[in-house]
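Mapping of the sequence shown onto our numbering: position 185 corresponds to residue 185, and the numbering continues sequentially without gaps.
Even for Gly, the Cβ is constructed at its ideal location relative to N, Cα and C.
Fair warning: this is a prediction, and the values are worked out from it, not measured in the lab.
Read through the structure below, which is laid out as structure tokens, and then see the notes.
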Amino acid sequence: MLSVRQIATAIVAREGGFVDDPDDPGGATNFGVTIHTLRRLGLDLTGDGQIDVRDVRNLSRAQAVDIFIEHYFDRPRIGELPDPLQPSVFDMYVNAGGNAIKLLQRLVGDMGFPVTVDGVLGPQSIAACRSALQAAPDHMVDAYGIARRNYYFRLADRRRASRKYARTRRGGKGGWIKRAEEFISSRYHMDNAAFRQRVAAWD
């Protein structure tokens with residue numbers, strides 16, 4: 001089992017360096033940490049009294065790892081989930097915030113374990129997740145990864161500007177889909193034909 005720091009380091013590598021994409025609601029981002037996160041945490045990295053794009057550029061890889069561990073793993077209590085679920089839920093929490101927890105809660109509820117879908121990991125949700133994993137130990141992680149992949153597809157269905165994150169210019173799987181499938185067993189990966197069929201309506 002990977003340590004939380006190893007998982008966070010992999011997330012930072014997956015997120016890449018500085019980008020300021022006008023189509024990304026997160027705004028300027030470095031190693032996956034957005035300008036909104038720096039402002040929320042009050043991190044004035046340049047010491048000039050304001051938090052702007054220069055602070056995002058000055059963020060180090062090590063600082064990003066520490067931010068993710070404290071604010072995207074420890075505080076949301078992801079470490080209290082069963083070990084097999086932690087890497088994918090942690091990775092999605094960095095990418096989608098509380099929606100990562102809501103997605104898990106909906107999945108667990110659909111499996112018949114009562115839970116409130118509120119995006120917060122409390123005792124009820126954690127216990128329900130443990131029970132769900134015990135009931136389907138060979139499928140729970142894949143089920144969450146598939147639900148995550150479907151979440152990204154739905155985002156792109158609704159928002160044309162987001163489609164470039166789900167499909168490349170050449171028509172292949174985009175970063176969102178590849179990222180979700182990193183946590184899904186290969187037998188559940190979409191083949192090229194299935195992917196093209198799923199996104200055909202975007203043309």
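Inside the region 21-101, DSSP marks whole alpha helix (DSSP H) runs of 4 or more residues at positions 35-41, 53-58, 61-69 and 86-96, from first to last along the chain.
R170 carries a coil assignment under DSSP once its states are collapsed to helix, strand and coil. For W202, no alpha helix (DSSP H) segment is defined, and its DSSP state is neither H nor E.
One Cα belongs to D20, the other to V199, and the distance between them is close to 26 Å. Within 10 angstroms of the beta-carbon of A100 lie 16 or more other beta-carbons, which makes it buried. Remark: C-beta atoms of D110 and F183 do not approach each other more closely than 9 Å.
Taking every protein chain shown into account, the CB of R167 has 16 or more other CB atoms within 10 angstroms, so this residue is buried.
In its chain, beyond the 5 residues on either side, V65 and I69 have a beta carbon closer than 8 Å to the beta carbon of R5. Annotated three-state conformation of V19 is strand, per DSSP.
No residue range can be given for L2, since it is assigned to no alpha helix (DSSP H) and is classified by DSSP as neither H nor E. The three-state secondary structure of L104, taken from DSSP, is helix. Spatial neighbours of G119 in its own chain (CB-CB distance under 6 Å, excluding positions within 5 residues in sequence) are listed in chain order as G98, I101 and K102. F153 sits in a helix when the DSSP states are folded into three classes.
Inter-segment contact for the region 80-87 and the region 128-136 is present: three or more beta-carbon pairs are separated by less than 8 Å. The residue among N30, R187, R75 and A156 with its C-alpha nearest the C-alpha of G174 is A156. Between the alpha carbons of N58 and D52 lies a gap of roughly 10 Å. Taken through DSSP and simplified to helix, strand or coil, S185 comes out as coil. Note on geometry: alpha-carbon atoms of R163 and R179 lie some 14 Å from one another.
Between W202 and R158, the C-beta spacing is not below 9 Å. Residue nearest to G171 within the set G42, E181, Q105 and N192 is N192 (criterion: CA-CA distance).
For S125, the uninterrupted alpha helix (DSSP H) segment begins and ends at P123 to A135.
Apart from sequence neighbours up to five positions away, no residue of its chain approaches S60 with a beta-carbon distance below 7 Å.
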